[in-house]
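Below is one structure; the comments refer to it alone.
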Amino acid sequence: MELVSGNWQRRLRSAPFYATLIVITAITLVPIVWVFTSALKTNKEIRENALGLPGEWRFQNYVDAWFEASFDQYFINSIFISVTTVLIVLFLASLAAYAFAKMRFPGNQPIFFVFLIGMAFPLSAKLGPLLSLMYELNLANSRIGLILVYVAGSLPFAILMLRAFFQGFPPELEDSAALDGCSRFQFYLRILLPLSKPSLMALGIFVFMGTWNEFFQALLLINEDSKRTLPLGLTAFQDEYFTDFALSFAGINITAVPVIIVYIIFQRNLIEGITVGSIK
Amino acid sequence: MAGVTFNHVSKDFGDLRVVSDLNIEVQDKEFLVFVGPSGCGKSTSLRMLAGLEEITEGEILIGDRVVNNVAPKDRDVAMVFQSYALYPHMTVYDNMAFGLKLRKTPKKVIDERVTEAANELGIGHLLDRRPRQLSGGQRQRVAVGRAIVREPAVFLMDEPLSNLDAKLRVEARSFISRLHQRLETTFIYVTHDQVEAMTMGTRICVLNEGELQQIDSPFNLYHNPHNIFVAGFIGSPSMNFFDATLTESNGSMVVDVGAFSLDVPESKADSFRSHVGMDVICGIRPEDIHDTNYLPQGIIPANLTTNVEVVEQMGNEVIIYLENGGKNFIARTDPRTGASVGNEMGVTFNLDNIHIFDATTEESLSYESKRKEVA
């Protein structure tokens, strides 16, 4: 009897904690649910009953959004640009971070700080020079140009993160590999990269999400409709006088789904990558 | 198989000299142990030999070849690390085979060597496991196996037993000694544990603050230490030291400690005569201080009454912390002793094993004469 009442007392004590969690979860979920339900309404329903459930579930909105706004092409562009950016960033950042973390050479620290300076300037301060440079190099309005911009933008954080991970890498493994006959590059390829998988995965997801959702730089650099990415594609449903909210919401969901899928599949790696090194 | 020579080898880290003018000849097939306290330069010396640290001055030879500028992989050495340094993402087989694969050894040869070494080490059934699925002792064997399959000219071991518990460490000690006997290869072993050094080494190299203190057999290090550092480092509990003055009257020599004095046996007097009238340091090991009631045969006795401060019962012996006239010292006595804390106790020093050191240079006065005796 005492045991039962003890259990209830414990539950009562933790009730405020769980109540807080439920409130926070609700606050987080409401906008997501709202976007998903709004994508199934007509424009009239959205205007007249913004927070209510759809009277008729209009899945046709997704079909219309996909075909009316060339979403297939935007989707391919986004996949190509994001995946290529992730691969290039992981390759370059891991090489640079390895050098900064493990190799002793004159200028190691100053060069590293030059990379970090990229993080110190806000995007708005960089846009002018960036645009004129891209036009100068004939890289404006090209997917390759946009990839280069994204790679350059992602590298400082990527190098910072991987360098910290590589610095915590046991030096004995490097010594052991040297005695086994590994060159520096073999060590990087056969020991360091496989053991850095959680960090690389986490970084890859960060970069993918950042690139996938990026809007502003893509808007300024890409003019042709066939080269647009998904976030730019969302603007197809609004003009000076009219916004098609129903198709916009459907477009937002189409844009968000891949990121959510990537996150669900790799969330374990993401958490591992963030917490790696925090415990023995 | 090859010998190793350290020829006036020094190592600086910035302005700090961590190894100073090291001269050592390691014979082919020898088991040499570097021992010393933390920061004495023993691991750095081993890493210079492995090629993992650059040499600031001097040269290192493996066989007849100067290896100062030879890459680690081309030195024909294999190393076992304190942390084992196994590759976590590889199986035991791949860990052991990795070095051979990089050397483009035929797969058949790799299979043979790995299987043979694994079976010999008792890890043949673990070849498909990853390091995290192994116990500490098994990991240690994999690390040794990885070195064995390389069939190197010199085995280097950097405190390979430090991460094992006491029982496993004793087993691993004899296992490594047997391995040395079977492989008939040069072993160079680093440890801070004097028991490991004494039980495994054919010779021991004692280092302190980057300088070689003495290189000798375990027996000689214990019985004929070159200086106070070696005398204090080898042996547990450490040798007792007393500041003293050496006097001589009517042909008999006396070590005057202040609180008490000890007659120097005639057989030893010649070695100490040059220091009569001078300050010296007298050393006597705890095992040469006996309970007066339980004396071994053939000692040269000097009796003393002491106060018992602490008694540590070890089962096969008793460690007793004693005091006489303000001087504190430790005795290691027969387990039958009736010593109890707070009481007086009669002890007997065995003067046959007394050590006298120069108070300035801290070097043993009898080192040279004893060395000649042994030679």
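Just so you know, the sequences run in chain order A and B. No gaps in the numbering here: position 23 of the first sequence is 41 in our numbering, and each next residue is one more. No gaps in the numbering here: position 14 of the second sequence is 33 in our numbering, and each next residue is one more. All C-beta atoms in this analysis are idealised placements derived from N, C-alpha and C, irrespective of residue type, glycine included. Quick caveat: nothing in here was measured; it's all calculated off a predicted structure.
{"query": "Give me the Cβ distance between B:Leu180 and B:Ala172, rounded to the nearest whole Å; I'm assuming they're in contact under 8 Å.", "result": "In fact, because the Cβ distance is near 23 Å, the residues do not count as touching under 8 Å."}
{"query": "Looking at the structure shown, is B:Ser420 part of a helix, part of a strand, or coil, going by DSSP?", "result": "What is shown of chain B runs 20 to 394, which leaves residue 420 of chain B out entirely."}
{"query": "Does chain B have any CB closer than 8 Å to the CB of A:Ser296?", "result": "Its pLDDT being 42, under 50, A:Ser296 is placed unreliably in this model, and the value from its coordinates should be taken loosely. False, the Cβ-Cβ gap to chain B never drops below 8 Å."}
{"query": "Under 8 Å between the Cβ atoms of B:Leu145 and B:Gln159?", "result": "no"}
{"query": "Just the chain B side, please: which residues come within less than 7 Å of A:Leu213 by C-beta, in chain order?", "result": "Pro107, His108"}
{"query": "With a floor of 3 residues, list each beta strand (DSSP E) that falls wholly inside the stretch 148-224 of chain B, ordered by position along the chain.", "result": "173-177, 205-210"}
{"query": "Which word fits B:His27, buried or exposed, when buried means at least 16 other C-beta atoms lie within 10 angstroms of its C-beta?", "result": "exposed"}
{"query": "So with Cβ pairs under 8 Å, would you call B:Val173 a contact of chain A?", "result": "no"}
{"query": "Let me check one thing: in DSSP terms, what residues is B:Phe368 bridge-paired to?", "result": "B:Ile308, B:Ala321"}
{"query": "Kindly indicate which residue of B:Pro56, B:Gln46, B:Val38 has the alpha-carbon position closest to the one of B:Met67.", "result": "B:Val38"}
{"query": "Kindly indicate the opening and closing residues of the alpha helix (DSSP H) around A:Ala158.", "result": "Element bounds for A:Ala158: n/a, residue is neither H nor E."}
{"query": "Does A:Gly199 get closer than 8 Å to chain B when you measure Cβ to Cβ?", "result": "yes"}
{"query": "With 8 Å set as the bound, which would you pick, yes or no: does the beta-carbon of A:Ser194 sit closer than that to a beta-carbon of chain B?", "result": "yes"}
{"query": "Between B:Phe117 and chain A, is the shortest Cβ-Cβ distance under 8 Å, so that the two count as touching?", "result": "yes"}
{"query": "Around the C-beta of B:Ile375, are 16 or more other C-beta atoms found within 10 angstroms, so that it is buried, or is it exposed?", "result": "buried"}
{"query": "Can you tell me where the alpha helix (DSSP H) holding A:Phe255 begins and where it ends?", "result": "Here A:Phe255 belongs to no alpha helix (DSSP H), and DSSP marks it neither H nor E."}
{"query": "If you draw a straight line from the alpha carbon of A:Phe284 to that of B:Pro150, how long is it in whole angstroms?", "result": "25 Å"}
{"query": "Would you call the CB atoms of B:Ile207 and B:Leu80 closer than 8 Å?", "result": "no"}
{"query": "Please list the segments of the alpha helix (DSSP H) lying wholly inside the stretch 44-72 of chain B, counting only runs of 4 or more residues, in order along the chain.", "result": "61-69"}
{"query": "Going by beta carbon distance, what residues of the same chain come within less than 6 Å of B:Ala116, once the five residues before and after it are set aside?", "result": "Ile129, Val133"}
{"query": "Starting from A:Pro188, find everything on chain B with Cβ-Cβ shorter than 8 Å and list it in chain order.", "result": "Ser102, Ala104"}
{"query": "State the CB to CB distance for the pair B:Gly277 and B:Thr324, rounded to an integer number of angstroms; the pair is presumed to be in contact (CB under 8 Å).", "result": "Not really, about 16 Å apart at Cβ, beyond 8 Å."}
{"query": "Got a sec, what are the start and stop residues for the beta strand (DSSP E) B:Asn26 sits in?", "result": "23-32"}
{"query": "Are the stretch 245-262 of chain A and the stretch 131-141 of chain A touching by the rule of at least three beta carbon pairs closer than 8 Å?", "result": "no"}
{"query": "Just the chain B side, please: which residues come within less than 7 Å of A:Ile209 by C-beta, in chain order?", "result": "Tyr106"}
{"query": "Mind reading off the beta-carbon distance from A:Phe184 to A:Ala115? Whole number of angstroms is fine, and I expect it under 8 Å.", "result": "5 Å"}
{"query": "Can you confirm whether the stretch 231-245 of chain A touches the stretch 52-67 of chain A when touching is taken to mean that 3 or more C-beta pairs between the two stretches lie within less than 8 Å?", "result": "no"}
{"query": "With 16 other CB atoms within 10 Å as the buried threshold, where does B:Asp34 fall?", "result": "exposed"}
{"query": "Using a beta-carbon distance below 8 Å, is A:Leu166 in contact with chain B?", "result": "no"}
{"query": "Who are the neighbours of A:Leu180 on chain B, taking C-beta pairs under 9 Å?", "result": "Under the 9 Å cutoff, chain B gives no residues; its nearest Cβ is about 17 Å from A:Leu180."}
{"query": "Check whether the Cβ atoms of A:Leu218 and A:Leu108 lie closer than 8 Å to each other.", "result": "yes"}
{"query": "Under a three-way DSSP split, which group does B:Tyr340 fall into?", "result": "strand"}
{"query": "Considering only the alpha carbon of each residue, which of A:Asp90, A:Glu74, A:Asn159 lies closest to A:Ile240?", "result": "A:Asn159"}
{"query": "Closest to B:Glu7 by C-alpha separation, out of B:Ser29, B:Val54, B:Cys59, B:Asp40, would be which residue?", "result": "No statement about residue 7 of chain B is possible, as the shown extent of chain B runs from 20 to 394 and does not include it."}
{"query": "For A:Leu191, decide whether its Cβ has a neighbour in chain B, counting only Cβ atoms nearer than 8 Å.", "result": "yes"}
{"query": "In three-state terms, what does DSSP make of A:Gly295?", "result": "Caution applies to A:Gly295, whose pLDDT of 44 falls short of 50 and renders its modelled position unreliable; the value that the coordinates give is listed next. Of the three classes helix, strand and coil, the one that applies to A:Gly295 here is coil, per DSSP."}
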